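Student:
2 protein chains.
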Amino acid sequence: MIDVKSSLAILSQREFVDRLEKIGEQKYHDKHPFHQRMHEGTLTRQEMQRWIANRFYYQKCLPIKDALVLSKLPERSDRIRWRERIIDHDGLSENDGGINAWLQLAKAAGISREELLDGHHFLPGAIFAVDAYVNYCRLNPWWLAVASSLTEVFAPRLVSYRIEILETHYSWIDSEGLNYFRARLSQAPRDSEHGLELVMRAADTYEKQMQALKAVEFKCDVLWSLLDAIEHG
Amino acid sequence: MIDVKSSLAILSQREFVDRLEKIGEQKYHDKHPFHQRMHEGTLTRQEMQRWIANRFYYQKCLPIKDALVLSKLPERSDRIRWRERIIDHDGLSENDGGINAWLQLAKAAGISREELLDGHHFLPGAIFAVDAYVNYCRLNPWWLAVASSLTEVFAPRLVSYRIEILETHYSWIDSEGLNYFRARLSQAPRDSEHGLELVMRAADTYEKQMQALKAVEFKCDVLWSLLDAIEHG
Chain G
1 MIDVKSSLAI LSQREFVDRL EKIGEQKYHD KHPFHQRMHE GTLTRQEMQR
51 WIANRFYYQK CLPIKDALVL SKLPERSDRI RWRERIIDHD GLSENDGGIN
101 AWLQLAKAAG ISREELLDGH HFLPGAIFAV DAYVNYCRLN PWWLAVASSL
151 TEVFAPRLVS YRIEILETHY SWIDSEGLNY FRARLSQAPR DSEHGLELVM
201 RAADTYEKQM QALKAVEFKC DVLWSLLDAI EHG
Chain B
1 MIDVKSSLAI LSQREFVDRL EKIGEQKYHD KHPFHQRMHE GTLTRQEMQR
51 WIANRFYYQK CLPIKDALVL SKLPERSDRI RWRERIIDHD GLSENDGGIN
101 AWLQLAKAAG ISREELLDGH HFLPGAIFAV DAYVNYCRLN PWWLAVASSL
151 TEVFAPRLVS YRIEILETHY SWIDSEGLNY FRARLSQAPR DSEHGLELVM
201 RAADTYEKQM QALKAVEFKC DVLWSLLDAI EHG
């Protein structure tokens with residue numbers, strides 16, 4: 001009996017990235033009504049603050065997620081590269097890094113460090129979505145955890161546009177508060193390049209490649225669901 | 001009704017460390033017959049190689065264990081400090097770090113990098129003991145995972161003695177191979193200081209302090225069991 005499934009040819013990196021891009025076009029959170037309204041400049045100050053505060057729960061969980069992925073990566077050379085993500089978010093010291101930069105964004109938008117850190121702003125839907133992502137990375141094989149990070153392929157375009165939008169429509173947020181996004185413009189491409197390399201290496205059958213793309217869809221659902229929670233407030 | 005248990009007074013750091021030292025005196029692996037023979041200089045070349053090869057499984061799992069602990073540490077400042085352990089073991093690049101230094105020790109003792117990395121030297125008992133340690137850190141609250149690392153309090157004395165012993169009795173191992181141990185002389189005290197600080201902060205009742213000491217005993221059992229496996233060969 002011919003195994004029809006296994007006879008499907010493995011995709012080249014080019015073809016894989018094409019499929020990835022299609023997922024991005026359909027499911028990435030830049031299409032979410034809340035982001036659409038952010039981009040039109042029609043979010044209220046309160047809505048913007050709610051986004052910043054709840055998105056902080058995501059930011060705060062990223063080094064945790066990345067440490068879980070690190071604990072699974074079989075190759076030392078890959079752990080050394082993946083470690084940069086933890087350093088990017090946690091910082092070289094307490095006074096730098098992505099989490100600190102997000103706290104500065106919050107401050108620039110009128111939310112104090114203390115009230116953000118005490119967690120009372122976090123909506124249950126936001127927590128559940130982010131925890132689903134962390135647990136996905138905790139419980140799945142490393143290459144699926146890595147694949148779920150590939151939304152980073154789409155991130156620079158959105159982030160670069162977001163900087164413009166915030167400067168134009170939400171100028172009540174001090175421009176210094178946008179340093180988090182500026183740093184991501186160089187970090188995300190470096191990260192997604194490594195992520196893609198790892199997934200292409202590990203997903204060595206067409207079926208595994210499809211699983212990897214499912215992981216990206218899952219991650220799109222996480223980001224979308226986070227915005228749903230923020231939109232409903 | 002008086003809760004007798006809770007009426008036991010919390011130990012000062014001094015008292016806690018005294019109890020810790022007592023565990024070390026009774027259960028630390030420097031008392032294991034295999035280590036005793038190592039120190040007397042009576043291990044055969046084959047036994048020494050077996051120790052180096054199987055202890056490598058422990059070394060190789062340390063950054064994995066430390067990434068799991070990192071993923072649980074609630075404070076960013078502690079994660080930044082704990083991260084140093086991962087950097088120490090995995091290295092700044094593939095050409096340095098503790099794992100690399102252990103591979104050099106193995107080479108100095110006549111075991112090639114390739115045969116060590118392919119894993120066929122690892123004895124089941126050694127794997128089970130080390131995996132028990134990693135899983136303890138994976139499955140327990142962060143402060144117990146941290147407490148289990150406190151055997152580092154006892155390590156510098158043993159490691160410093162070991163350098164002497166190896167240079168004296170096992171001079172067929174090139175002295176350059178001993179760099180791993182030289183590095184640990186400064187790393188272990190820094191690590192155990194942070195570990196102790198974390199445990200004293202988190203174990204805020206006498207009962208929790210007793211649990212933390214149990215974690216240290218557990219870790220002593222792991223190291224002892226690793227030597228049992230190596231001794232039986």
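Chains as they are written, first to last, in my numbering: chain G, 1 to 233; chain B, 1 to 233. Glycine residues also receive a C-beta, built at the ideal position from the N, C-alpha and C atoms. Since this is a predicted model, take the numbers as computed values, not measurements.
Run through chain G and tell me which residues come within less than 7 Å of residue 141 of chain B, C-beta to C-beta.
Tutor: Going along chain G, no residue has its Cβ under 7 Å from residue 141 of chain B, so there is no contact; the nearest lies around 15 Å.
Student: Using a Cβ-Cβ cut-off of less than 8 Å, list which residues of the stretch 78-91 of chain G approach chain B; keep chain order.
Tutor: 79, 80, 83, 86, 87, 90 and 91
Student: What's the C-alpha gap between residue 73 of chain B and residue 57 of chain G?
Tutor: 16 Å
Student: If we ignore side chains and look at the alpha-carbon of each, how far apart do residue 131 of chain G and residue 223 of chain G end up?
Tutor: Cα-Cα distance, rounded: 12 Å.
Student: Against residue 67 of chain B, what residues of chain G qualify as contacts under a CB-to-CB distance less than 7 Å, listed in chain order?
Tutor: For residue 67 of chain B, the chain G residues whose C-beta falls within less than 7 Å of its own C-beta are 67, 70 and 71, listed in chain order.
Student: Does any residue of chain G have a CB that is nearer than 9 Å to the CB of residue 63 of chain B?
Tutor: Yes, its Cβ sits closer than 9 Å to a Cβ of chain G.
Student: Less than 9 Å between the C-beta atoms of residue 32 of chain G and residue 228 of chain G, yes or no?
Tutor: yes
Student: At a CB-CB cut-off below 9 Å, which residues of chain G make contact with residue 94 of chain B?
Tutor: Here the neighbours are 76, 77 and 80.
Student: Give the range of the alpha helix (DSSP H) segment to which residue 198 of chain G is assigned.
Tutor: Its alpha helix (DSSP H) spans residues 179-202.
Student: How is the alpha helix (DSSP H) around residue 140 of chain G delimited, first residue to last?
Tutor: Counting along the chain, residue 140 of chain G falls outside any alpha helix (DSSP H), and DSSP gives it neither H nor E.
Student: Answer with buried or exposed for residue 124 of chain G, where buried requires no fewer than 16 other C-beta atoms within 10 angstroms of its C-beta.
Tutor: Here residue 124 of chain G is exposed. Its C-beta has fewer than 16 other C-beta atoms within 10 Å.
Student: Are the CB atoms of residue 145 of chain G and residue 27 of chain G within a distance shorter than 9 Å?
Tutor: no
Student: Using the C-alpha atoms, what's the distance from residue 101 of chain B back to residue 93 of chain B?
Tutor: 12 Å
Student: In terms of residue numbering, what span does the alpha helix (DSSP H) encompassing residue 100 of chain B cover?
Tutor: In this chain, the alpha helix (DSSP H) harbouring residue 100 of chain B covers 98-108.
Student: Can you tell me whether DSSP reads residue 206 of chain B as helix, strand or coil?
Tutor: When DSSP states are grouped into helix, strand and coil, residue 206 of chain B belongs to the helix group.
Student: Since residue 111 of chain B meets chain G, which of its residues come closer than 7 Å, beta carbon to beta carbon?
Tutor: Going along chain G, no residue has its Cβ under 7 Å from residue 111 of chain B, so there is no contact; the nearest lies around 18 Å.
Student: Is there at least one non-hydrogen atom of the ligand GDP closer than 8 Å to the beta-carbon of residue 212 of chain B?
Tutor: Absent from the structure shown: the ligand GDP. Ligands present: none.
Student: Kindly list the residues whose CB is nearer than 8 Å to the CB of residue 48 of chain B, restricted to its own chain and excluding five residues on each side of it in sequence; keep chain order.
Tutor: 38, 109, 170 and 173
Student: Listing by chain order, which chain B residues have their CB less than 8 Å from the CB of residue 52 of chain G?
Tutor: Within 8 Å Cβ-Cβ: nothing; residue 52 of chain G doesn't reach chain B, min ~18 Å.
Student: What do you reckon, are the CB atoms on residue 89 of chain B and residue 62 of chain B nearer than 9 Å?
Tutor: Taking 9 Å as the Cβ cut-off, residue 89 of chain B and residue 62 of chain B qualify as a contacting pair.
Student: Please confirm if residue 195 of chain G has its CB atom under 9 Å from at least one CB of chain B.
Tutor: no
Student: Any beta carbon from chain G within less than 9 Å of residue 233 of chain B's own beta carbon?
Tutor: no
Student: In chain order, what residues of the same chain lie with their CB nearer than 7 Å to the CB of residue 198 of chain G, ignoring the 5 residues before and after it?
Tutor: 78, 143 and 146
Student: Please state whether DSSP places residue 166 of chain G in a helix, a strand or coil.
Tutor: Reduced to three states, the DSSP call for residue 166 of chain G is helix.
Student: What does the alpha-carbon distance come out to for the pair residue 113 of chain B and residue 136 of chain G?
Tutor: 34 Å
Student: If we cut at 9 Å on Cβ distances, does residue 10 of chain B have a partner in chain G?
Tutor: Chain G contact via Cβ: absent.
Student: Are there 16 or more other CB atoms within 10 angstroms of the CB of residue 233 of chain B, so buried, or fewer, so exposed?
Tutor: exposed
Student: Only counting the same chain, and skipping five residues up and downstream in sequence, which positions put a Cβ closer than 6 Å to that of residue 41 of chain B?
Tutor: 169
Student: Quick one: Cα of residue 12 of chain B to Cα of residue 54 of chain B, how far?
Tutor: 38 Å
Student: Apply the 10 Å Cβ neighbour rule to residue 250 of chain B and answer buried if 16 or more other Cβ atoms are within range, or exposed otherwise.
Tutor: Absent from the model: residue 250 of chain B. The displayed extent of chain B is 1 to 233, so no value can be given.
Student: If you follow the alpha helix (DSSP H) that residue 57 of chain G is part of, which residue opens it and which one closes it?
Tutor: 45-70
Student: How would you list, in chain order, the residues of chain G whose beta-carbon sits under 9 Å from the beta-carbon of residue 99 of chain B?
Tutor: Within chain G, the residues near residue 99 of chain B are 76.
Student: Since residue 163 of chain G contacts residue 50 of chain G with CB under 8 Å, what's their CB separation in whole angstroms?
Tutor: Going by Cβ atoms, the distance from residue 163 of chain G to residue 50 of chain G rounds to 20 Å, so no, they are not a contact pair.
Student: Have a look at B/185, B/220 and B/23 and flag the residue whose alpha-carbon is nearest the alpha-carbon of residue 251 of chain B.
Tutor: In the structure as shown, chain B begins at 1 and stops at 233. Residue 251 of chain B is therefore absent and cannot be evaluated.
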